[in-house]
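Colleague: Got a structure for you, questions after.
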Amino acid sequence: ARFSFLLSIPVIILAGGLKIIELIESNLVVDWLALSTGAFFSAVSAYICIFLFLKMLDRIGMRPFVIYRLALGALLVWLFI
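Using full-length UniProt numbering, you'd call the opening residue of the sequence shown number 1 and step up by one each time.
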């Protein structure tokens, strides 16, 4: 799980960079202070959530998530097929 979270970092940074380039090229008025403040607090809260989730995975393991995914998959198959 830790490796997959590390792999997501470059994708998130590049997606944010692409949106920033699109905002710069557009004719819109952008409040850069509000945008950067929101991005900062979003990154901090995501880091805290990932940290807590990884601690929970170490303590509980993957079994509850496997059961949840199998139950959800069975429900979706029952609903749509």
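Glycine residues also receive a C-beta, built at the ideal position from the N, C-alpha and C atoms.
#1: Please report the distance separating the alpha-carbon of Ile-50 from that of Leu-57.
#2: Under the three-state reduction of DSSP, which class applies to Asp-31: helix, strand or coil?
#3: First and last residue of the alpha helix (DSSP H) that includes Ala-74?
#4: Beta-carbon within less than 8 Å of Leu-79's beta-carbon, same chain only, minus the 5 sequence neighbours each way: which residues are those?
#5: Could you give the C-beta distance for Leu-23 and Val-30, rounded to a whole number, given that I count them as a contact under 8 Å?
#6: For my contact list, Ala-1 and Leu-52 are in at a C-beta cut-off of 8 Å; report their separation, rounded to the angstrom.
Modeller: So, from the data block:
#1: Roughly 10 Å separates the two Cα atoms.
#2: Asp-31 falls in the coil class under three-state DSSP.
#3: Note, Ala-74: alpha helix (DSSP H), 63 to 80.
#4: There are no such residues.
#5: Rounded, the Cβ-Cβ distance is 5 Å, consistent with contact.
#6: Actually they are not in contact, since the Cβ atoms of Ala-1 and Leu-52 sit about 12 Å apart, beyond 8 Å.
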